[in-house]
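S.K.: Here this note's numbering is used: the first residue of the sequence shown is 1, the next is one more, and so on. For glycine and all other residues, C-beta sits at the position ideal for the given N, C-alpha and C. As the structure is a computational prediction, the values presented were derived from the model and not from experiment.
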Amino acid sequence: MHQTKKPQMFEILSATHVTFDQLHETMLSSFSDYAIPMQLSLGAFEMMMRQRGLDLHSSRVAVVDGQVAAIWLTSVRGSKGYLISSGTRPEFRSKGLARAMANDCLDYLRSTGIRSFQTEVLRDNETAAGLYYSLGMTKARALDCYTLPISQASKPGSELFEPVYWRDLAPRVAKLRDWAPSWQNNDASMEAIADQLLCVAMIDEGGELKAYAAVSPNSGTVHQLAVSKDYRRRGMARAALIAIQRQLPETPLRLINVQQDDAAFRALMTSVSATETSGQYELWLDL
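(1) Less than 7 Å between the C-beta atoms of R300 and Q184, yes or no?
(2) Can you tell which of V164, D286, V200 and E250 has the C-alpha that lies nearest to the C-alpha of M236?
(3) Where does the unbroken alpha helix (DSSP H) through R50 begin, and where does it stop?
(4) Could I get the ranges of all uninterrupted beta strand (DSSP E) runs contained in the region 187 to 213, with 3 residues as the minimum, in chain order?
(5) Just mark M101 as buried or exposed, buried being the case when its beta carbon has 16 or more other beta carbons within 10 Å.
(6) In angstroms with no decimal places, state the Cα-to-Cα distance between A170 and G207.
(7) Specify the secondary structure class of P90 as computed by DSSP and reduced to three states.
(8) Can you give me the start and stop residues for the beta strand (DSSP E) that R60 sits inside?
(9) If we ignore side chains and look at the alpha-carbon of each, how far apart do L109 and R60 end up?
(10) Measuring only the C-alpha atoms, how far is L241 from G279?
(11) What are the boundary residues of the alpha helix (DSSP H) that Y231 is part of?
(12) Rounding to the nearest angstrom, what Cα-Cα distance links K229 and D107 in this structure?
(13) To which residues does DSSP link T147 through a beta bridge?
(14) Measuring straight from C-alpha to C-alpha, what distance separates R89 and A70?
Given below as C-alpha cells:
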C-alpha cells in the first residue's frame, strides 16, 4: 500500500537556542553550491560575525527534526537592524523557511524599537532578492566590488603614509568621506575588529588627517579608503594602496561595496588595474 510522505515540519527559534558551531556548519552547507561559495573556517566565521555584530537574540534558525536547516543571522546597532547572512541547506529549500525566519525576526525587531532593516544582495541573486523585495525592502544604492593585482612596483607618494592605530583614526575619518561605508565596512565594524586592522595614514605638519586606508591583512579587504577634498587629484588614494601593498606584498587586495556613482573611485580602480567582480545592491526597509 502506497503511503503519502509526511511533510516536514519546522520550528523557528532564536539563535540563542543553538551553538556557534551549528551556525557555522549550517552556513557551510547552505553556501556550498552558491555562485560564490562561502566556505569560511571557524576562525574566519567568528571574525565575520564579530565584525558585523552578530546579535543572537534577533537572529533566527529553522529547525527540522532536531537539525538546524536554515539560518538568518542579524545585527543590531542603535535603532538599526542588519541581515549579516542567511542560507538554507539545499535539501530544505523551497519550503518557506527563509520567509518564516524573516517574518519572525522582523516582528521581533519592531517589538524592540528597531526603526530600520538593511542588507546587501548580489545583483544576480534573483532568488534572495525576490524574498527581500516581497518583505518590502527596496534598493538604496548599487555597490561595486574589485580585486587588485599583486604589485611589486615602487610608486611615489606611498612613503608619505605611516602605520597608525584605528583608535587614533576613528574620531577623524568621517569628515574625509563623501558617502557612508556599508555595514560591514562602517566605523562600528572597524571598531569591532580594531585589533586585527592594518591602517595607514598621511598626516600633515599641522596634525590634520589628509588620507587613510584600513585593511584586514588576512583577507586583503580594504574596508575604508578616503582622501580629504583639498588633497584629491594628487594620487594620494593610489599611494595609500601602494603603502598597504608594500606591507602585504603577497596578498591581493580587494574592495567590497564601493558606492557605484563615485566616478572618481571608478577612475582610481582603472588606474590601479583593478578587476571588477560581482557587485551588490544595498537594500533598505523602514520598520
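M.R.: Once the coordinates are examined:
(1) For residue 300 there is no data in the structure shown, the boundaries of the chain being 1 and 287.
(2) V200
(3) L42 to R52
(4) 198 to 203
(5) buried
(6) 15 Å
(7) helix
(8) R60 to V64
(9) 12 Å
(10) 21 Å
(11) Element bounds for Y231: n/a, residue is neither H nor E.
(12) 43 Å
(13) R254 and T275
(14) 6 Å
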